[in-house]
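S.K.: The structure follows.
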Amino acid sequence: MSEVIDRPLRDDEKPAASRLRIVDCDVHPSLHSVDDLNEFLPKRWQQHLKEYGSHLRTPYLFTTPYPRSSPLIARRDAWPPTGGPPGSDLAFMQKQHLDPLDVEFGILQVLDLFIFSQQNLEFGAAIQRAINDWQLAFWSHRDPRLKASILVGQDGTDLAIAEIERCAKIGEYIQINVSPRANEPLGRRRYWPIYERAQALDLPLGIHVGGYGGHAPTGGGWPSYYVEEHQSNAHTIAAQLASLVIEGVPERFPKLKIVFIEGGFGWIPSAVWRMDQHFERFRSEVPHLKRKPSEYVREHFWFTTQPIDEPDEARHLRSLIEWVGVDRLLFSSDYPHWDFDDPRFAFKTPLTEAERKKIFSTNARAVYKF
Amino acid sequence: MARHIVARTSEIPPGGNKVVDIAGRDIVVFHVNGEFFALLNRCPHEGAPLEKAACVARLTSPEPGVYQRSRVGEMLRCPWHGWEFDMRNGQSWFDPKRFNIRSYPVAVERGDELQKGPYVAETFPVHVEDSYVIVEV
């Protein structure tokens, strides 16, 4: 009837989701209950979990990480109608997130039980192993879009290597996840066996922010407020980026790929500029580095997009993306957490179709080899 | 603007809300302390559904360590990123000049008043006890 109505939509008029299948590099599944792990957890550790629970390294009495502002740090609309915590119901996750946003692949990031932060390394290894099995049985095998990671605690390095080998034989995991808050900075030599295995298996190393390490999350000590703590995610990642680069991890493992997850990317330009500047002045201290830190960052590291910084002027975000590099960014939503980014509205700055495609899909496909 | 009867007052409990489709628009009607407010059901930031928002108080602090709550239940906190809006006019609390939610006039009228019209052909005894929420769009 009307030409206007019958005219097919131009590409730029369609919602992003319908013209671009996305890879979401940060989707959080949750245990419905810890009993979900029983089939994967030896009786001895089930008993331990029941009697002792988590033994974390937080310094204060009665500090539980939740709730902080939003219960289970989740979107208020993400509680499954069937009960259980946000992220624990696959059908609801499909209906609310995977289907409407056209998620082609979603990478699971498990935070339950503060898996990386356990003081008891053997208990930590037992629940890491159980969670690794649970990711396949409860998620990937029920929805092949959802990809699992091998979660290991790097302070029990020998236990971590054994778990990496066990999971690698299964062949379904797409990365190896370690904590951003280990006992020592991540570049230290004691963790190199993990990086060596990651390189040999050609699995990227995923580092998701958070957790409760033995150190204060900021260089200034323990923050009073959640707002402060949330800020510190970026500082922690920046410190770990410097540690990995300057201790020579990319130099030693030239094929290793490292993905920082949920650290945002606004802080990257100044951190890298400073590293380069100091490298010029103090290179005799670190003669094992053959190239400028920025070159290692641009070849070995990727960064997921959420939380996206939202400057008042859109062009500043645009400049930031250009400085960091369109090839370095992997879209992530952080579903179902309170600071979730909707891929249709997250980037409040113009991106070309080619740039969108890279950030929302092809960069991740190249890193994870989908 | 047309007037749309969207609910009986008893349908929306205090602190609750109802989502209605009016002329293709997703509108959410809140009941706060006996008053009703209608807003577009979409956060201007990233599009979160406001029907899942928390109805909170305005929290202010004249100085560190001193806290004051006011207008209990009248502030809307987005279910995703916690942006706060004034339910009465849809203005954001943190940046009212740049961000607001579209709001619509709301009236509450008794059912028997709604029955009245200029054209009455035949009368029957009608007993209407409910009140109705009316949104103008």
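The listed protein sequences derive, respectively, from chains B and L. Its first residue numbered 22, the first sequence is counted upward by one per residue in the working numbering. Its first residue numbered 543, the second sequence is counted upward by one per residue in the working numbering. Glycine included, every Cβ here is placed at the ideal spot set by N, Cα and C. Fair warning: this is a prediction, and the values are worked out from it, not measured in the lab.
From the DSSP secondary-structure annotation, give me the bridge partner or partners of N559(L).
M.R.: Translated into positions along the second sequence, residue 559(L) becomes position 17. Paired residue(s): F572(L).
S.K.: Let me make sure I understand the geometry here. Which of W359(B), D56(B), L277(B) has the alpha-carbon closest to that of Q220(B)?
M.R.: The residue labelled residue 220(B) in the question sits at position 199 within the first sequence. Of the candidates W359(B), D56(B), L277(B), the one whose C-alpha sits nearest the C-alpha of Q220(B) is L277(B).
S.K.: Could you give the residue range of the alpha helix (DSSP H) that holds T383(B)?
M.R.: Counted from its first residue, the first sequence places residue 383(B) at position 362. If you look at T383(B), you'll find it isn't in any alpha helix (DSSP H); DSSP assigns it neither H nor E.
S.K.: Between R78(B) and Y247(B), how many whole angstroms is the CB-CB distance? I'm expecting something under 8 Å.
M.R.: Locating residue 78(B) in the first sequence gives position 57, counting from the first residue. Locating residue 247(B) in the first sequence gives position 226, counting from the first residue. Not a contact, Cβ separation roughly 19 Å.
S.K.: Taking Cβ positions only, does A367(B) come closer than 8 Å to chain L?
M.R.: Here residue 367(B) refers to the residue found at position 346 of the first sequence. With 8 Å as the cut-off, A367(B) counts as an interface residue toward chain L.
S.K.: Measure from the alpha carbon of L157(B) to the alpha carbon of each residue in A146(B), S170(B), G145(B), I380(B), then state which is nearest.
M.R.: Position 136 of the first sequence, counted from the start, is the residue given in the question as residue 157(B). Answer by Cα proximity: S170(B).
S.K.: Do P106(B) and R96(B) have their CB atoms nearer than 8 Å?
M.R.: In the first sequence, counting from the first residue as 1, residue 106(B) sits at position 85. In the first sequence, counting from the first residue as 1, residue 96(B) sits at position 75. No, these two residues do not count as a Cβ contact at 8 Å.
S.K.: Kindly give me the distance between the Cβ atoms of D98(B) and K594(L), rounded to whole angstroms, as I take these residues to be in contact under 8 Å.
M.R.: Looking up residue 98(B) in the first sequence gives position 77. Looking up residue 594(L) in the second sequence gives position 52. Between K594(L) and D98(B) the Cβ distance is about 4 Å, and since that is below 8 Å, they are a contact.
S.K.: So, at 6 Å on beta carbons, what are the nonlocal neighbours of I279(B) in its own chain, with the 5 sequence-adjacent residues on each side left out?
M.R.: Locating residue 279(B) in the first sequence gives position 258, where the first residue counts as 1. Result list for I279(B): L226, H321, F322, in chain order.
S.K.: Here's the rule I'm using: 16 or more other beta-carbon atoms within 10 Å means buried, otherwise exposed. How should I547(L) be labelled?
M.R.: For the purposes of this step, residue 547(L) is taken as the residue at position 5 of the second sequence. That one is exposed.
S.K.: Please list, in chain order, all residues of the same chain as P328(B) whose beta carbon is under 8 Å from its beta carbon, the five residues on each side excluded.
M.R.: The residue given as residue 328(B) occupies position 307 in the first sequence. Cβ neighbours of P328(B) beyond the five flanking positions: E283, G285, D355, D360, D362.
S.K.: Label G632(L) either buried or exposed according to how many other C-beta atoms from any shown protein chain fall within 10 Å of its C-beta, with 16 as the threshold for buried.
M.R.: Sequence index remark: in the second sequence, residue 632(L) carries index 90 (1-based). By the neighbour-count rule (16 or more Cβ atoms within 10 Å), G632(L) is buried.
S.K.: Between P555(L) and chain B, is the shortest Cβ-Cβ distance under 8 Å, so that the two count as touching?
M.R.: On the second sequence, position 13 is the one that residue 555(L) refers to. Taking Cβ atoms only, chain B never reaches closer than 8 Å to P555(L), which makes this a no.
S.K.: Mapping the DSSP letters down to three states, classify R273(B) as helix, strand or coil.
M.R.: Taking the first sequence and counting its residues from 1, one reaches residue 273(B) at position 252. Judged by DSSP in its simplified three-state form, R273(B) adopts helix.
S.K.: Drop a sphere of 10 angstroms on the beta-carbon of M404(B), count the other beta-carbons inside from all chains shown, and report buried for 16 or more, exposed for fewer.
M.R.: Limits of chain B in this structure are 22 at one end and 391 at the other, which puts residue 404(B) out of reach.
S.K.: Excluding the 5 residues flanking C188(B) on each side, which residues of the same chain have their C-beta closer than 7 Å to its C-beta?
M.R.: Along the first sequence, one-based indexing puts residue 188(B) at 167. If we look at C188(B) and ignore the five residues flanking it on each side, its Cβ neighbours are N153, I171, Y194.
S.K.: Spell out the partners DSSP gives D628(L) in its beta bridges.
M.R.: Counted from its first residue, the second sequence places residue 628(L) at position 86. BP columns for D628(L) point to M617(L).
S.K.: Determine the DSSP secondary structure at I643(L), reduced to helix, strand or coil.
M.R.: Counting from 1 along the second sequence, the entry for residue 643(L) is found at position 101. In this structure, I643(L) counts as coil in the three-state DSSP scheme.
S.K.: Find the nearest neighbour of R393(B) within the set H49(B), E143(B), H118(B), judged by alpha-carbon distance.
M.R.: No statement about residue 393(B) is possible, as the shown extent of chain B runs from 22 to 391 and does not include it.
S.K.: Mind checking which residues open and close the beta strand (DSSP E) that includes S603(L)?
M.R.: Here the question's residue 603(L) lines up with position 61 in the second sequence. 596 to 605 is the span of the beta strand (DSSP E), which, as asked, contains S603(L).
S.K.: Pick helix, strand or coil for E651(L), following the three-state DSSP scheme.
M.R.: The residue given as residue 651(L) occupies position 109 in the second sequence. In the three-state reduction of the DSSP assignment, E651(L) falls in the strand class, which pools E and B.
S.K.: Identify, in the order they occur along the chain, each residue of the same chain with its Cβ nearer than 8 Å to the Cβ of I26(B), setting aside the five sequence neighbours on each side.
M.R.: Counted from its first residue, the first sequence places residue 26(B) at position 5. Only weak support is given to the placement of I26(B): the predicted model assigns it a pLDDT of 40, under 50, and the question is left unresolved by the model.
S.K.: Rounded to whole angstroms, what is the Cα-Cα separation between A565(L) and R545(L)?
M.R.: Within the second sequence, the letter at position 23 stands for residue 565(L). Within the second sequence, the letter at position 3 stands for residue 545(L). A565(L) and R545(L): Cα-Cα distance of roughly 11 Å.
S.K.: Got a sec, what are the start and stop residues for the alpha helix (DSSP H) K378(B) sits in?
M.R.: Counting from one through the first sequence, the residue named residue 378(B) turns up at place 357. Here the alpha helix (DSSP H) through K378(B) covers 374 to 378.
S.K.: Distance cutoff 8 Å, beta carbons only. Does D176(B) sit that close to anything in chain L?
M.R.: Counting from one through the first sequence, the residue named residue 176(B) turns up at place 155. So, not an interface residue.
S.K.: Note down, one range per segment and in chain order, each beta strand (DSSP E) of at least 3 residues found wholly within the stretch 64 to 151 of chain B.
M.R.: 124 to 129
S.K.: With a cut-off of 8 Å, do at least 3 Cβ pairs link the stretch 609 to 621 of chain L to the stretch 577 to 594 of chain L?
M.R.: As far as the Cβ criterion goes, the stretch 609 to 621 of chain L touches the stretch 577 to 594 of chain L, which means the pair count is three or higher.
S.K.: Check whether chain L comes within 8 Å of F352(B), counting only Cβ atoms and requiring the distance to be less than that.
M.R.: The residue you call residue 352(B) lines up with position 331 of the first sequence. Cβ-Cβ to chain L under 8 Å: no for F352(B).
S.K.: Mapping DSSP to helix, strand and coil, what is R253(B)?
M.R.: Residue 253(B) sits at position 232 when you count from the first residue of the first sequence. Correcting the residue identity first, residue 253(B) is Ser in this sequence and not Arg. Helix at S253(B).
S.K.: Kindly give me the distance between the Cβ atoms of P271(B) and T257(B), rounded to whole angstroms, as I take these residues to be in contact under 8 Å.
M.R.: Position 250 of the first sequence, counted from the first residue, corresponds to residue 271(B). Position 236 of the first sequence, counted from the first residue, corresponds to residue 257(B). Going by Cβ atoms, the distance from P271(B) to T257(B) rounds to 19 Å, so no, they are not a contact pair.
S.K.: Measuring CA to CA, which of P604(L), G615(L), R630(L) is closest to Y646(L)?
M.R.: Within the second sequence, the letter at position 104 stands for residue 646(L). It is R630(L).
S.K.: Within this structure, are the beta carbons of R613(L) and A599(L) separated by less than 8 Å?
M.R.: One-based indexing of the second sequence puts residue 613(L) at position 71. One-based indexing of the second sequence puts residue 599(L) at position 57. Yes, the pair counts as a contact, with Cβ atoms nearer than the cut-off.
S.K.: Please report the residue range of the beta strand (DSSP E) in which M46(B) lies.
M.R.: As a first step, residue 46(B) is located in the first sequence; it is residue number 25 there, counting from the start. A quick correction: the sequence has Cys, not Met, at residue 46(B). Segment 43 to 48, the beta strand (DSSP E) holding C46(B).
S.K.: Just by C-beta distance, which residues in the stretch 573 to 596 of chain L are closer than 9 Å to chain B?
M.R.: H587, E588, G589, A590, P591, E593, K594, A595, A596
S.K.: At 4 residues or longer, what runs of the alpha helix (DSSP H) sit wholly inside the stretch 209 to 253 of chain B?
M.R.: Listed in chain order, the complete alpha helix (DSSP H) runs (minimum 4 residues) inside the stretch 209 to 253 of chain B are 213 to 222.
S.K.: Please name the residue in S305(B), E306(B), G241(B), H229(B) whose C-alpha comes closest to that of G281(B).
M.R.: As a working note, residue 281(B) is residue 260 in the first sequence. Strictly speaking, residue 281(B) in this sequence is Phe, with Gly absent from that position. Among S305(B), E306(B), G241(B), H229(B), the Cα nearest to that of F281(B) belongs to H229(B).
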